[in-house]
Every structure is written in C-alpha cells, then in structure tokens.
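So the sequences go chain by chain: A and B. In terms of my numbering, the first sequence is residues 1 to 292. In terms of my numbering, the second sequence is residues 1001 to 1322. Yeah, the Cβ is synthetic: ideal placement off N, Cα and C, and Gly gets one too.
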Amino acid sequence: MLHSKFFSHLIRDIPTVISGVILLLTIILAFFPSLIAPYNPWNPAETHLQDLLKPPSWLPGGKPGYLLGTDSVGRDMLSLIVYGVRPSLIVGFSVVLLSEILGVALGIWAGFYGGWLGSSIMRIADTAYSFPALLVAIFLIAVLETRGLHVVILALFTVSWVQYCRIMFSMVKSKKEEEYITAAYAIGLSNLKVILKYLLPNCISPCLVVGFVDVARVIMLEATLSFLGIGASLTRPSLGQVIASGKEVLLAGKWWITIFPALFLIIIILSINILGESLKCELNPEITEKIL
Amino acid sequence: MFGYMIRRLFSSAVVIILVSGFTFIISNYTGDPVLTIVGKYGLTKANRQRIVEKYGFDKPVFIQYSKFLLRAIHGDLGTSFVWRRPVIEVIARRIPASVELLIAALFIALTFGIGPGVILSGKPRSVPSKLAFVLSLVGLSIPTFVSGILFLTIFCVVLKWLPAFGRGGTIKLGFWPTGFLTISGLKHLIMPAITLSLYQVAFMFRLTHSEMMEQLGRQYIQTARSKGIYEWKVLFKHAFKNASKPLVVVIGLSVGIFLGFSIVTEAIFQWPGLGNLLMSSIAANDRPVIVAYLMFISMVVVFSNFGADIILGFVDPRIRYD
C-alpha cells in the first residue's frame, strides 16, 4: 500500500509538505511544550496576578516577557496555547483510534458473518449515523455528570465509531465474493485467517484516510464542547477552552486571548485537512470518493 | 411505494420511541429532580415526600417510563420542572426561531455551495475554480464557534453594522411569529445564519464539484457537447441532474447537522431557539424538557432522511421502493 512512489508524489506538492511539517512540529510541541513555552500555565504558582490581561508585547501596554499577552488570570498566552495542544491532540487521536478499532471490527463482523447480529449492528449504525454527533455528545456528557478528558473522549468515541463500521461493512460486502477470497478458502485457510490476511488489508485504506481527516473533525468537536462549557478540566485547558475563556473579554476589546489560539487551532486543522486531501488522492481515489 | 411509506413510518416511530426510552432512562439517573422542582430553599423533608409522591419518582424507572409513554400518546409530555408549564408549550414557543434559522442556513448552504460547485466544475483548471477549492478547504477547517465569535467581533462589535444579540422584531403569521418579514428580524438573522451555514457551504461545494467532475467525464457529456449544446445547459441540465443524487442524501443529513450546530450558533448570538433551551435545561437538570427536545430532534432527523429518500426516487427513477 505504501511504497516509495507514493511518498515521492506527496513530497512534490508544496502545501502538503508544509502541512506535514506543521503537524509534525505540533505533535513535538504536544510532547515537549516547554521547548517553546516560557512558563507552565498549568501550575498555579506560575500565574502572574500582577499582570492581568496584558496585550501582546509589541503593542502599547504590553510587557516584554509575554509575547502574546496574558489572560484574565495572568497566564502567559503563548504558554497556554502551547500547553493546550496536548489535550486537544490526545482527544483527537485517541477517539479516532478507539473508533477505528471498534468500527472496523463491527463492520467486518456485520459484512462477513451477517446474520441477525450483523443486521442489527448495521441498523444501529445507520440510525446513529443520521443523528447529529455534537448533540449526542452534549447529552452524554450532561448525563455523565463528571467532567474530564476521559468523559469527552468517551462521548466523542460513542458518536464516531459508526462511520468506520459503515465504510468497512460496504467494503467487506463488495470484496468478500472476489476470487482471491475463494482461492484463499480453497487452500484451506480458516475464516479468521482469510479476514486478517486478505480482507482487512484490502478493505482498510478508506477507513485509514477517513480516520486521518477525522482527527481534525474530533479536535473541532472537542473545542466546540469546551466552548459550550462542558469540556475537560479548566486547570489544564485545551485549545478550545483557551479560546472559550476569552469570549467574555473579547467584546471588551481584549482580542488576543481568543484570536491567537483560534488561529493556531485553524492552522492545525487546516494542515490535517490538506494532508488528508493528498492522502485521498494518492490512495485509490475512486474507492474513497464513492463511499464518502 | 405506499407499502414502503407505511413501513418507513412504522420504523420511524420505533426510532423515536427508542430515543425517548433511552433518554428518559439515562436522564433518570442524573441529578435530583426534587431539588430542581422546589429549589434549594424549599428542600424540606415534607416537601420532598409530597413531590416524590406527586411525580412518582419512587416508582421503578420502567413504570415511570411507561406512564410517560402513555401520556405522550395523548399529547402530554409532562410539565417542565423549571418553567412550570407543559413541555409541549415550552418547546413549541422556541420552534419558530430555530426553524427560521435552519431554513436561512440551508438556503445559504444550497445557494453558495451547489451553485458555484456546478458552475466552476465546467472549468476545473481556471483560477476561480482553484481559489474556491482552497477557500472551501479553509471553510472546512474553521470550527463553527470560532467563525461565530469572529463574525460577532468584526461585524457587531467593531464595525457595528449588525446587531449582536437576539432575534429582532417579529410579525405574527397566525400562530407563527416570523422574523423574515421585518427589517430588524432579517438584520438579526444574517450573522447567525452565515455562521451556521459556513461549514456546510464548503462541504456542499466540494461534494457538488467532485460529483460534477465525475459526470463530466462520461460519454453522454461528450455527446452533448459535440452536438453543440450550450455549456450551461450541459452543466445544469445534463450533468447536474445525474450529479444531484448524493446531494439529496447529504441535504437530508445536513438538517440534523444544522440542528446540532445551531446549539453553538444560538449560544453565541443569544438566539431564542431550541438550542439555547437545551443548554439551559441541561444546566438546570430539567428532565422533561431534555427528553422532549431529543424526541423532537429525532423526529426531525428521521423525517428529513425519509423525505430525502422519497425525493431520491424522483431524481433517479431507477430506484424502486420495495
């Protein structure tokens, strides 16, 4: 599936390369925020109560120590943004990973074995697919009554596995009658071996492409939940919460608390989308286009 | 066709009942309804006893639910804990604002998503086409709440062109208060509607574009072009007709997506619709309203998909309902 020609194609495209570099740097930042962040905003001892709502350092009233200004409790904006990457990425990647595993497994089961269990899985998946993900996530978080990163992950996972299940189901359905599968049975392979060795590798690529772009969608949803006030903990804010925390003072002209993290969030999501677009074009565009 | 519709109606009813059961039972395990009803200061032992007996909170949840379902069949979804009025009335008052926002957003998404998608697909290598493609990718990357905050700041706070909050003046058309017919109503509608539709504009543009590209590569298009038919006729009459099939499905699904994200838009612009009602009901743990709201949403979602399936049959006569 991945060969050298594939990468040489990707590398010729300048926006793709730039997006790749941005995403790589973002992931590095998520692991080592202190590389750039001058302070640790998650540590209450490092908030600067004497410097509330300072504008960016190049504007009048700004202080040289705070490049992008400070927020309403005196936290350095640059540090907040850099530290906020980690929770956002954790939610994005873990939700997609969990959803891929469950969705692909259930999709294979339903497509391969069928039966009443298979058809009820697909019934549930089809119904759940038509419900707005954001709404279901809001409801789940509201009734769970606890807050935290794990609750957000659980809620978004509940609404995200469905699409992988549907894609996998239709892929398996279309591939399982093909001759190489019959041939695999003819040489005496068991069901499990046929699935793992032949069906899975031949059906998974649309799921992987969708999953990659889905990381962006999940990060956006997480930010949206944070904005609505039902995200993870406030002491370790994700990018979405940093943006939301500036909402009240934005109307009073303190724009830097909202605008900088929002721009950064958009840049991350845009890079993921650009990379996803190139992936889609490279990996068998026909199949992915048909199913999406 | 008739049998199909009956079966679809039946399965829709099943979905709505399942949703109501799911939400009723889950929300039954959250919060303290007595606290919601009497408030912090009315929470005496005698009061609690009285309320629990009146509402039957001490009964098993399945009995509570079957009682709720029985009343629901007769059009009674209970009384709101917070508003002290029938839930149906509380929800019905909020429906016009949400529906008008949804119609406006859908209109923008269809006009600015599908229109350019069809027109620009005729010249995919031209500069406007490429520009629209880049813009649509950016549009897909801006979360709704971010564009909402940005619009609010730029157009309402800095430039002061448009009002920031609420729905503006309305005129009553029968029982339906509409904001479409007043200047202030329309002014208030612009920003929320654009915010809500932005993502969907980008999405529909890309979908239309890619479907059109696929159709334009087919032989019947070559035939049409070689006959010397006007290009716009080739695009709109020949290609678009065949490209519109997946669009119908997506439009059906987008109603649900709009309803989900209208919660965000309504929160930003203080729009007096259902989304705001849901958030305040969740905050106040107003169970009957939450359950009824989700039932209403599932009804809208199920029927918009149903409608899309029926329209699909007109778009593509090869589809047989059986």
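| query | result |
| --- | --- |
| Own chain, CB closer than 7 Å to THR70 of chain A, minus 5 neighbours either side, in chain order | HIS48, ASP51, LEU52, LEU53, LYS54, ASP76 and MET77 |
| Three-pair Cβ contact test at 8 Å for the stretch 225–243 of chain A versus the stretch 80–92 of chain A | yes |
| Backbone CA spacing between PRO1096 of chain B and THR1178 of chain B [nearest angstrom] | 7 Å |
| Cβ contact check for the stretch 268–281 of chain A and the stretch 173–188 of chain A: 3 or more pairs under 8 Å | no |
| Span separating the alpha-carbon of MET1 of chain A from that of LEU275 of chain A | In this predicted model, MET1 of chain A has a pLDDT of only 46, less than 50, meaning its place in the structure is not dependable; the value taken from the coordinates is given anyway. Going from the Cα of MET1 of chain A to the Cα of LEU275 of chain A covers about 17 Å. |
| Cα-Cα separation, LEU1101 of chain B to ILE121 of chain A | 35 Å |
| Span of the beta strand (DSSP E) around ILE1171 of chain B | 1171–1173 |
| Spatial neighbours of VAL1301 of chain B in its chain, beta-carbon cut-off 8 Å, leaving aside the 5 residues before and after | VAL1255, GLY1256 and LEU1259 |
| Proximal residues, the stretch 82–100 of chain A versus chain B, C-beta separation under 8 Å | none |
| Whole-angstrom distance between PHE157 of chain A and LEU134 of chain A, CA atom to CA atom | 12 Å |
| Cβ-Cβ distance between PHE1240 of chain B and PRO1116 of chain B below 8 Å | no |
| Under the three-state DSSP convention, the category TRP1271 of chain B falls into | coil |
| Residues bridged to PRO1143 of chain B (per DSSP) | Paired residue(s): none; PRO1143 of chain B is not in a bridge. |
| Contact set for ILE1290 of chain B: own chain, Cβ-Cβ below 8 Å, skip 5 residues either direction | THR1023, SER1027, LEU1278, SER1281 and ILE1282 |
| Test item: CB-CB of VAL210 of chain A and ILE167 of chain A under 8 Å | yes |
| TRP255 of chain A in three-state terms, based on DSSP | coil |
| C-alpha distance - LEU1198 of chain B paired with LYS1045 of chain B, whole-angstrom precision | 52 Å |
| Beta-carbon proximity check, ILE230 of chain A vs ILE141 of chain A, cutoff 8 Å | yes |
| Closest Cα partner of ARG1167 of chain B within the set B:PRO1272, B:LEU1152 and B:LEU1196 | B:PRO1272 |
| Where THR258 of chain A meets chain B, residues with beta-carbon distance less than 7 Å | ILE1149 |
| Spatial distance of LYS193 of chain A from SER34 of chain A (CA atoms) | 47 Å |
| Cβ pair LEU200 of chain A, TRP161 of chain A closer than 8 Å | no |
| Rounded separation between ILE28 of chain A and VAL21 of chain A - CA only | 11 Å |
| The stretch 140–151 of chain A: positions lying closer than 7 Å to chain B by Cβ | ALA142, VAL143 and GLU145 |
| Stretch-stretch touch, CB-based, cutoff 8 Å, three pairs: the stretch 1241–1250 of chain B with the stretch 1207–1214 of chain B | yes |
| Whole-Å CB distance - VAL143 of chain A paired with THR1030 of chain B, under 8 Å assumed | 5 Å |
| is_contact[LEU1120 of chain B, chain A] using C-beta, thresh 8 Å | no |
| Inter-residue Cα distance where the pair is PHE1314 of chain B and LEU1181 of chain B | 33 Å |
| Where GLY188 of chain A falls, given that 16 or more other Cβ within 10 Å makes a residue buried | exposed |
| Three-state secondary structure assigned by DSSP to THR70 of chain A | strand |
| Chain A contact for MET1005 of chain B (CB, 8 Å cutoff) | no |
| Inter-residue spacing [alpha-carbon to alpha-carbon] between CYS295 of chain A and ASP126 of chain A | Residue 295 of chain A lies beyond the stretch modelled for chain A, which goes from 1 to 292, so this question has no answer here. |
| Buried/exposed call for LEU106 of chain A, threshold 16 Cβ in 10 Å | buried |
| Neighbour flag for THR1030 of chain B against chain A, beta carbons, 8 Å | yes |
| Beta-carbon contacts of ARG1085 of chain B that lie in its chain and below 8 Å, excluding the five residues immediately before and after | THR1079 |
| Buried/exposed call for PRO1060 of chain B, threshold 16 Cβ in 10 Å | exposed |
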